[in-house]
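Here the structure comes first, spelled out in structure tokens, and everything after it is commentary.
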Amino acid sequence: MTIFVMLLLALAIEVMMIVRADDRGAALGFWLSYRLSMLFYLWAIWTMYCAFARIAGGELFDRVLPVSLSRLGFALAGGAVANVFISPWLARILGGFRRGAFAAFDPPAITIGLVGLLLVVLSGLFARAVAMHRELDEIL
Numbered sequence: 088m089t090i091f092v093m094l095l096l097a098l099a100i101e102v103m104m105i106v107r108a109d110d111r112g113a114a115l116g117f118w119l120s121y122r123l124s125m126l127f128y129l130w131a132i133w134t135m136y137c138a139f140a141r142i143a144g145g146e147l148f149d150r151v152l153p154v155s156l157s158r159l160g161f162a163l164a165g166g167a168v169a170n171v172f173i174s175p176w177l178a179r180i181l182g183g184f185r186r187g188a189f190a191a192f193d194p195p196a197i198t199i200g201l202v203g204l205l206l207v208v209l210s211g212l213f214a215r216a217v218a219m220h221r222e223l224d225e226i227l
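Mapping of the sequence shown onto our numbering: position 124 corresponds to residue 211, and the numbering continues sequentially without gaps.
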């Protein structure tokens with residue numbers, strides 16, 4: 088939770104700097120093009136916090152993990168897509184297409200995105216395993 092709050096405060100400080108800027112439109116465009124992926128990563132951190140809180144509160148893993156893994160995976164994959172594709176395009180659009188790349192081939196971001204997609208797949212497999220386990224419990 089501490090990391091989530093610290094990152095949220097850092098983003099709030101940046102937003103306050105945008106409000107005070109002379110050219111708010113350019114400052115907001117610059118901020119969006121470089122911080123869009125952070126919103127997805129904040130969602131991922133919040134998802135993990137909620138999952139741990141639910142498990143600590145006594146909920147069973149089989150009720151928490153499939154949904155939480157799926158949300159976490161989509162958040163990580165969305166952050167990676169925003170970092171690799173959307174942010175460079177926003178920078179190009181807001182910069183008048185004069186400069187900037189079409190994609191930021193950032194190996195850490197691509198890896199995080201692939202891990203996110205793997206978590207989505209694993210959440211589906213985990214949900215099926217839980218369903219099979221329940222079915223077997225009913226038989227026995």
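For every residue, glycine included, the Cβ atom is placed at its ideal position computed from N, Cα and C.
Keep in mind the model is a prediction, meaning the values are calculated, not measured.
- Scanning Trp130, Asp149, Ile100, Met135 for the CA closest to the CA of Phe213 turns up Asp149.
- Spatial neighbours of Val202 in its own chain (CB-CB distance under 7 Å, excluding positions within 5 residues in sequence) are listed in chain order as Leu163.
- Shortest Cα-Cα distance from Tyr121 to any of Ser210, Ile199, Met219, Ala167 involves Ala167.
- CA-CA distance, Phe172 to Phe189, rounds to 7 Å.
- In the three-state reduction of the DSSP assignment, Ala190 falls in the coil class.
- Taking C-alpha positions only, Leu177 is separated from Leu119 by approximately 8 Å.
- Distance from the CA atom of Ala114 to the CA atom of Val207, rounded to whole angstroms, is 35 Å.
- By the Cβ-count criterion, Phe127 is buried, with 16 or more other Cβ atoms from all chains shown falling within 10 Å of its own Cβ.
- For Met103, the enclosing alpha helix (DSSP H) starts and ends at 89 to 107.
- For Asp110, there is no enclosing alpha helix (DSSP H), since its DSSP letter is neither H nor E.
- For Val171, there is no enclosing alpha helix (DSSP H), as DSSP marks it with neither H nor E.
- Contact between the stretch 132 to 143 and the stretch 99 to 110 is absent: fewer than three C-beta pairs spanning the two stretches fall below 8 Å.
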